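**Student:** Position 39 of the sequence shown, counted from 1, bears residue number 39 in UniProt numbering, the numbering being contiguous throughout.
Dropping a structure here in structure tokens format, bear with me for questions.
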Amino acid sequence: MDALKKIPDKGDPSDIIQLFPRYNLQLHCCRYWWLQHWEFKELSFPYWRIYHNSYQGAMVMYDGKEYALTPDKVVMIAPNTAYATRMYDHKIPEIGYSLKGGEGERSFGGNERFE
């Protein structure tokens, strides 16, 4: 198969009619959590997940590799993908999870530590 070898007449296609597919995107949930513990051995959800951290200190593990969540990165995880999460200075406990929010004595309602 021969690739198209003709050089386009111009690089700006703005006056050419272009057709793009319509995407019906729906935002399921958007949260900002400050977490002390975020250790999960295995997570999987039936929808896309997007993670962004304002600070360093957390990671997502997938397929034996660790991906740091840093201010200069956005991590997207496809639906039904198994992955793990943790803070840098914590290990995933034997029971498989630990979630705790808040800072020191302050705790944000609804977040609990499961041990």
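Virtual Cβ for every residue (Gly too), placed ideally from N, Cα, C.
Computed from a prediction, not measured in an experiment: that's the story for all the values here.
How big is the Cα-Cα spacing for residue 94 and residue 21?
**Tutor:** Taking the straight line from one Cα to the other gives about 46 Å.
**Student:** Using only the alpha-carbon positions, how far apart do residue 29 and residue 69 sit?
**Tutor:** Approximately 19 Å, taken between the alpha carbons.
**Student:** Per DSSP, residue 116 is paired with what?
**Tutor:** Because the chain is modelled from 1 through 115, residue 116 falls outside the range shown and cannot be assessed.
**Student:** According to the Cβ coordinates, are residue 67 and residue 76 closer than 8 Å?
**Tutor:** No, the pair does not count as a contact, with Cβ atoms beyond the cut-off.
**Student:** In whole angstroms, what is the alpha-carbon distance linking residue 36 and residue 62?
**Tutor:** Going from the Cα of residue 36 to the Cα of residue 62 covers about 21 Å.
**Student:** Residue 94 by DSSP, collapsed to three states: which one?
**Tutor:** Coil at residue 94, not helix or strand.
**Student:** Tell me, to the nearest whole angstrom, how far the beta carbon of residue 54 is from that of residue 79; I am working on the premise that it is less than 8 Å.
**Tutor:** That pair is no contact at about 25 Å.
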